[in-house]
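Have a look at the structure below, then the notes.
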Ligand SMILES: [Zn+2]
């Protein structure tokens, strides 16, 4: 006889939580990744809300993260603090729950308000991605805490402030918190029909700074070293490295100057999409070779900034087990949970890279995210909240996957 509460009781309990109120209140606060004041307000409101759970809650300072400006200078990018809640850290079975408080909408973006498009369809910034997800996570954890099984499981909750720009200031924190966990759930939105994301490719973003030598374009051009030409050469060589399982997109070249001057500075921005660790190795080798060859051939200095900040997330045995558990919990709730591979990336990539099984679309059902048409299907809040609660309680009861 299982100690997990009956499905109807779980659903009632989750449905009694103020998930829509939380979603609406949190989406009313602009928390674009660059809006530090908004993120600070958001972190405070979330800290209040999540402090109803047991454990120690803290706001963690962001790790330093560099960015390369259009003039080639490297400087630190400011980020908001990240929320961390540690509950029963000594438990034998521990999980990680992650979400993000930032959105893609800057404070001066036109899309700031919410409205119901239909009874069940709420349009608003971040309602699906992912303030609705945070609201149902909190409801699920409150439901878990109401069960005696809660004593058998410990967990960390991490809500970062920089997911939408690549988690550069929280990647180390995520890796640290993933350690020792049996499984992780992340609250990115599911598709409108409830389909979850399965395997994910990875991504790497690089800013490659080329330092040439300026000269007069007419008087002594041969004394110059043209940085724009070198950066273009680099773009062509890197593009040639694309292969099955590795997309390469030279996206922008910045720098240069007036027509009568040989340009001494160019910055090449390039994105790689590796499908596997082998593809990352191939991309790294291509970068090293292209940089060395162009530097030698064109007598320029080249500095490479960037990393493969989102490693690929394959579905390994552990992830397959976790998916099966989520699918079974869904079936018991009357939901048919499917998943499909996606080219998108999120913190689930980083968690998987730490060797921890993760399902990263446990959030609300919704769609049109990252656009002014973003919507949340309101009835998915209790549905997905119950799905999470049931999944966690079963892991607690079993002591693992
Ligand atoms: Zn998101």
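Numbering (our numbering), first residue to last: -16 to 384.
Every residue gets a Cβ at the ideal spot worked out from N, C-alpha and C, and that includes glycine.
Note that this is a predicted model, so its numbers are computed, not measured.
The alpha helix (DSSP H) that contains residue i, what's its start and end?
{"i": "residue 78", "result": "Here residue 78 belongs to no alpha helix (DSSP H); instead the beta strand (DSSP E) covers 77 to 83."}
{"i": "residue 28", "result": "19 to 33"}
{"i": "residue 42", "result": "Run containing residue 42: none in the alpha helix (DSSP H); it sits in the beta strand (DSSP E), 39 to 43."}
{"i": "residue 374", "result": "363 to 381"}
{"i": "residue 308", "result": "300 to 315"}
{"i": "residue 270", "result": "260 to 281"}
{"i": "residue 216", "result": "210 to 222"}
{"i": "residue 384", "result": "No alpha helix (DSSP H) holds residue 384; DSSP gives it neither H nor E."}
{"i": "residue 159", "result": "154 to 161"}
{"i": "residue -9", "result": "-10 to -2"}
Please report the distance separating the alpha-carbon of residue i from that of residue j.
{"i": "residue 171", "j": "residue 55", "result": "34 angstroms"}
{"i": "residue 60", "j": "residue -13", "result": "46 angstroms"}
{"i": "residue 222", "j": "residue 235", "result": "13 angstroms"}
{"i": "residue 252", "j": "residue 133", "result": "48 angstroms"}
{"i": "residue 126", "j": "residue 325", "result": "31 angstroms"}
{"i": "residue 24", "j": "residue 12", "result": "8 angstroms"}
{"i": "residue 198", "j": "residue 211", "result": "13 angstroms"}
{"i": "residue 151", "j": "residue 19", "result": "15 angstroms"}
{"i": "residue 241", "j": "residue 217", "result": "22 angstroms"}
{"i": "residue 256", "j": "residue 265", "result": "11 angstroms"}
{"i": "residue 317", "j": "residue 336", "result": "32 angstroms"}
{"i": "residue 156", "j": "residue 228", "result": "29 angstroms"}
{"i": "residue 202", "j": "residue 243", "result": "9 angstroms"}
{"i": "residue 200", "j": "residue 292", "result": "40 angstroms"}
{"i": "residue 145", "j": "residue 83", "result": "7 angstroms"}
{"i": "residue 58", "j": "residue 50", "result": "6 angstroms"}
{"i": "residue 10", "j": "residue 378", "result": "31 angstroms"}
{"i": "residue 283", "j": "residue 99", "result": "57 angstroms"}
{"i": "residue 45", "j": "residue 319", "result": "39 angstroms"}
{"i": "residue 130", "j": "residue -4", "result": "11 angstroms"}
{"i": "residue 230", "j": "residue 277", "result": "21 angstroms"}
{"i": "residue 311", "j": "residue 248", "result": "57 angstroms"}
{"i": "residue -11", "j": "residue 371", "result": "14 angstroms"}
{"i": "residue -8", "j": "residue 330", "result": "32 angstroms"}
{"i": "residue 204", "j": "residue 219", "result": "23 angstroms"}
{"i": "residue 208", "j": "residue 233", "result": "21 angstroms"}
{"i": "residue 111", "j": "residue 190", "result": "31 angstroms"}
{"i": "residue 373", "j": "residue 366", "result": "11 angstroms"}
{"i": "residue 380", "j": "residue 135", "result": "7 angstroms"}
{"i": "residue 294", "j": "residue 206", "result": "42 angstroms"}
{"i": "residue -15", "j": "residue 268", "result": "53 angstroms"}
{"i": "residue 226", "j": "residue 382", "result": "43 angstroms"}
Would you mind stating whether residue i and residue j have Cβ atoms separated by less than 7 angstroms?
{"i": "residue 153", "j": "residue 288", "result": "no"}
{"i": "residue 109", "j": "residue 97", "result": "no"}
{"i": "residue 183", "j": "residue 332", "result": "yes"}
{"i": "residue 274", "j": "residue 263", "result": "no"}
{"i": "residue 351", "j": "residue 358", "result": "yes"}
{"i": "residue 85", "j": "residue 16", "result": "yes"}
{"i": "residue 140", "j": "residue 22", "result": "no"}
{"i": "residue 343", "j": "residue 169", "result": "yes"}
{"i": "residue 42", "j": "residue 26", "result": "yes"}
{"i": "residue 5", "j": "residue 118", "result": "yes"}
{"i": "residue 38", "j": "residue 70", "result": "yes"}
{"i": "residue 29", "j": "residue 369", "result": "no"}
{"i": "residue 250", "j": "residue 192", "result": "yes"}
{"i": "residue 188", "j": "residue 362", "result": "no"}
{"i": "residue 281", "j": "residue 213", "result": "yes"}
{"i": "residue 296", "j": "residue 384", "result": "no"}
{"i": "residue 166", "j": "residue 78", "result": "yes"}
{"i": "residue 137", "j": "residue 72", "result": "yes"}
Between which two residues does the beta strand (DSSP E) containing residue i stretch?
{"i": "residue 99", "result": "98 to 101"}
{"i": "residue 139", "result": "137 to 143"}
{"i": "residue 237", "result": "229 to 238"}
{"i": "residue 257", "result": "248 to 257"}
{"i": "residue 5", "result": "That residue, residue 5, is in no beta strand (DSSP E); its alpha helix (DSSP H) goes 2 to 10."}
{"i": "residue 36", "result": "Per DSSP, residue 36 belongs to no beta strand (DSSP E) and is neither H nor E."}
{"i": "residue 117", "result": "Where residue 117 is concerned, there is no enclosing beta strand (DSSP E), although the alpha helix (DSSP H) it sits in stretches over 115 to 128."}
{"i": "residue 331", "result": "Where residue 331 is concerned, there is no enclosing beta strand (DSSP E), although the alpha helix (DSSP H) it sits in stretches over 330 to 336."}
{"i": "residue 320", "result": "Residue 320 -> no beta strand (DSSP E), and no H or E assigned at all."}
{"i": "residue 344", "result": "That residue, residue 344, is in no beta strand (DSSP E); it is neither H nor E in DSSP."}
{"i": "residue 49", "result": "49 to 51"}
{"i": "residue 58", "result": "57 to 59"}
{"i": "residue 355", "result": "First-last for residue 355: undefined, no H or E at that position."}
{"i": "residue 132", "result": "Neither: residue 132 is in no beta strand (DSSP E) and is coded neither H nor E."}
{"i": "residue 173", "result": "Neither: residue 173 is in no beta strand (DSSP E) and is coded neither H nor E."}
{"i": "residue 286", "result": "284 to 293"}
{"i": "residue 203", "result": "Per DSSP, residue 203 belongs to no beta strand (DSSP E) and is neither H nor E."}
Just confirm the distance between the C-beta atoms of residue i and residue j, as a whole number of angstroms; I'd bet it's less than 8 angstroms.
{"i": "residue 164", "j": "residue 309", "result": "At roughly 16 angstroms, the Cβ-Cβ gap does not stay under 8 angstroms, so residue 164 and residue 309 are not in contact."}
{"i": "residue 322", "j": "residue 181", "result": "4 angstroms"}
{"i": "residue 94", "j": "residue 88", "result": "5 angstroms"}
{"i": "residue 375", "j": "residue 123", "result": "7 angstroms"}
{"i": "residue 36", "j": "residue 128", "result": "6 angstroms"}
{"i": "residue 32", "j": "residue 121", "result": "6 angstroms"}
- prompt: In chain order, what are the residues with a CB under 5 angstroms from some non-hydrogen atom of ligand 1?
  reply: 112, 113 and 171
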